[in-house]
Amino acid sequence: MRSFRVAAISTIFLSAVFFLLSSSASAQVALSVEISQLNYLQYEPVYLRVTMRNYSGHPLAFGENEGLRGRLRFEINSPGRNQYAQLLTNEYPAMRGVILQPGASRTFTFNVSNYYNVKQLGHYSIRAILSHPQLKAEYGSKQVHFTVVKGLTQWESVVGVPKFSGKSRNQQNETIETRKYSILTYNTGRAFFHALMIEDEERVYVVRKLALDLGKNLAPHCAVDDMSRLNIIAAASPKVYIYYQFDTSGKLEKRDVRIKTDTTPRLVVNRELGTVIVDGGRVARRDLDYEEIKELPFIRTAMEENVKDITEGKSILDQAEEDE
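Under this note's numbering, residue 331 is the last one in the sequence shown; the count climbs by one each step, no gaps.
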């Protein structure tokens with residue numbers, strides 16, 4: 008009787024293993040996802056890296072044709088009970104023009120915030136789901152998790168928005184537009200960062216990281232000039248500094264890297280003219296300094312014009328990692 012039970016249990020166990028192996032082996036596409044950080048500031052772009060591997064034995068093309076119109080979507084559990092993140096548009100992340108060869112994999116990075124509402128504070132879980140007319144079923148990835156946080160305000164200033172049209176302003180009838188600049192600090196789950204937020208009462212114009220939070224003595228220094236532009240000196244390390252200049256809409260107008268010498272890079276404000284300049288240290292030189300400092304956060308994108316800066320809002324970066 009005992010041997011029968013053992014045999015029966017063994018048969019059931021082996022059947023379960025066979026079922027699991029069969030299910031895994033029958034998957035025609037494998038999907039995996041990675042989140043770029045564990046915590047995001049409210050309104051910060053949420054980037055998700057999706058890797059697809061084709062096990063179907065046939066090329067999978069994603070095009071305009073009805074029979075080739077595969078779709079990648081995200082299933083996002085929002086804060087609250089049984090809530091899914093709202094789709095902001097009728098369009099899902101674009102996959103047109105992609106051909107996934109048999110056995111090959113490709114990796115894409117998506118700004119999920121362009122498609123779904125992930126602005127609410129709280130905890131989220133997200134997974135990718137792929138469907139295609141040539142596939143019998145949808146295929147999904149495992150979930151990853153992230154949290155949207157408020158951050159801690161380190162500095163803020165409200166400025167007026169300049170008028171460049173040349174038209175005279177009726178001071179009594181027209182209200183001056185304003186913007187609020189804020190420097191925030193928060194923990195991404197891997198490190199503490201300083202970030203910039205530019206907003207008004209109706210919208211948020213930009214949220215982007217500036218530098219690592221290296222402590223109070225190396226906190227960013229900020230100054231607003233006569234054109235209401237925000238000038239920032241932020242430390243990438245105790246010896247390396249980055250200078251930024253943003254306009255009131257969040258456009259990055261200037262950025263360079265400076266090295267501390269006998270003097271420390273700093274902002275100098277002309278109180279009479281309202282101008283702001285950078286003084287102290289020296290400008291980093293590609294031929295002398297680049298190899299030594301390029302691995303510091305934010306330095307590579309600041310010194311190489313052709314390097315994509317993911318903090319500047321690229322919606323999709325096709326990394327085209329195909330295995331040979």
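In this text, a Cβ means the ideal position worked out from N, Cα and C, and glycines have one as well. Just so we're clear, the structure is a prediction, and the values are computed from it rather than from any experiment.
Take the Cβ of residue i as the centre, count every other Cβ of all protein chains shown within 10 Å, and call the residue buried at 16 or more, exposed below.
i, result
"residue 28", "Confidence at residue 28 is low in this model, with a pLDDT of 32, below 50, so the placement of that residue is unreliable and no value is reported for it."
"residue 148", "buried"
"residue 205", "buried"
"residue 220", "buried"
"residue 188", "buried"
"residue 132", "exposed"
"residue 25", "Because residue 25 carries a pLDDT of 34, less than 50, the predicted location of this residue cannot be relied on, and the following value inherits that uncertainty. Counting Cβ neighbours within 10 Å, residue 25 comes out exposed, since fewer than 16 surround it."
"residue 288", "buried"
"residue 171", "exposed"
"residue 61", "buried"
"residue 95", "exposed"
"residue 295", "exposed"
"residue 247", "buried"
"residue 77", "buried"
"residue 200", "buried"
"residue 83", "buried"
"residue 140", "exposed"
For residue i, which of the options has the nearest alpha-carbon?
i, options, result
"residue 217", "305, 48 and 80", "305"
"residue 194", "39, 97 and 48", "48"
"residue 40", "135, 62, 210 and 84", "135"
"residue 210", "256, 199, 202 and 248", "256"
"residue 165", "110, 200, 196 and 231", "231"
"residue 308", "283, 278, 269 and 259", "259"
"residue 286", "250, 54 and 196", "250"
"residue 281", "54, 233, 91 and 144", "233"
"residue 123", "143, 146 and 97", "97"
"residue 111", "153, 142 and 36", "36"
"residue 261", "279, 236, 268 and 278", "236"
"residue 244", "89, 140, 252 and 264", "264"
"residue 109", "225, 59 and 223", "59"
"residue 116", "86, 215, 56 and 283", "56"
"residue 162", "203, 198 and 303", "203"
"residue 151", "85, 301, 225 and 310", "85"
Whole-angstrom Cβ separation of residue i and residue j, contact assumed at under 8 Å?
i, j, result
"residue 103", "residue 71", "6 Å"
"residue 107", "residue 66", "7 Å"
"residue 105", "residue 81", "Actually they are not in contact, since the Cβ atoms of residue 105 and residue 81 sit about 17 Å apart, beyond 8 Å."
"residue 266", "residue 227", "No, residue 266 and residue 227 are not in contact; Cβ-Cβ is about 17 Å, not under 8 Å."
"residue 121", "residue 54", "With a Cβ gap of about 10 Å, residue 121 and residue 54 do not count as contacting."
"residue 183", "residue 167", "5 Å"
Inspect the CB distances between the segment 158-169 and the segment 108-128 and report whether three or more fall short of 8 Å.
no
With a floor of 4 residues, list each alpha helix (DSSP H) that falls wholly inside the segment 205-249, ordered by position along the chain.
none
At what residue ranges does the segment 38-95 contain a whole run of the beta strand (DSSP E), taking only runs of 3 or more?
46-48, 54-61, 67-69 and 78-84
Quick check on the DSSP output: what are the complete beta strand (DSSP E) runs of length 3 or more inside the segment 127-156, in order along the chain?
129-138 and 151-156
Inter-stretch contact at 8 Å, needing at least 3 Cβ pairs: the segment 84-101 / the segment 39-46
no
Those runs of the beta strand (DSSP E) which lie wholly inside the segment 260-303 and span at least 3 residues
273-276 and 283-286
Note down, one range per segment and in chain order, each beta strand (DSSP E) of at least 3 residues found wholly within the segment 92-122.
105-107 and 112-118
Do the segment 230-248 and the segment 269-282 meet, that is, are 3 or more Cβ pairs less than 8 Å apart?
yes
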